[in-house]
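Accompanying notes for the structure given below.
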Amino acid sequence: MHIFLHFLSYIYSKMFQLKTQQYIIIHSAKLQMTENINNQTQITLMTERYNEQYEINKEADIKMQKGLKKDLTDCVTKVVGEVAMKVCFALTVAFCIGC
Numbered sequence: 001m002h003i004f005l006h007f008l009s010y011i012y013s014k015m016f017q018l019k020t021q022q023y024i025i026i027h028s029a030k031l032q033m034t035e036n037i038n039n040q041t042q043i044t045l046m047t048e049r050y051n052e053q054y055e056i057n058k059e060a061d062i063k064m065q066k067g068l069k070k071d072l073t074d075c076v077t078k079v080v081g082e083v084a085m086k087v088c089f090a091l092t093v094a095f096c097i098g099c
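For the sequence shown, counting from 1, position 82 maps to 82 in UniProt numbering; every step adds exactly one.
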């Protein structure tokens, strides 16, 4: 009887040990899965932020290009206008001198 009780005690301790190991493995797997989910969430958030910033930069670049194009157009118009005025003045002076 004593040997049988010892055997049952041994079996129970082994079962408890296996159950503890199983709990540790499951807990470790859950922690790893949680960490993977957190990492994936961070990657997703970083990607979204990058895409948002890219769109903002793209819009700013388009506005800047439109502004530069407008500035260039205004500058060319101003220069052409000034040159045209000087040419007209010179032609007027030349015409007056010719008369």
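From the three backbone atoms N, C-alpha and C, an ideal C-beta is built for every residue, glycine too.
Alpha helix (DSSP H) containing MET64: first to last residue?
Numbered from its first residue, the sequence shown carries residue 64 at position 64. It spans 2-98 - the alpha helix (DSSP H) in which MET64 sits, taken as one unbroken run.
Can you grab the Cα-Cα spacing for the pair GLU52 / GLN65, in whole Å?
The residue labelled residue 52 in the question sits at position 52 within the sequence shown. The residue labelled residue 65 in the question sits at position 65 within the sequence shown. Those two C-alpha atoms are separated by around 20 Å.
Please return the same chain residues whose Cβ sits closer than 7 Å to the Cβ of ARG49, not counting the five positions on each side in sequence.
Counting from 1 along the sequence shown, the entry for residue 49 is found at position 49. Closer than 7 Å at the Cβ level, and outside the excluded window around ARG49, lies no residue.
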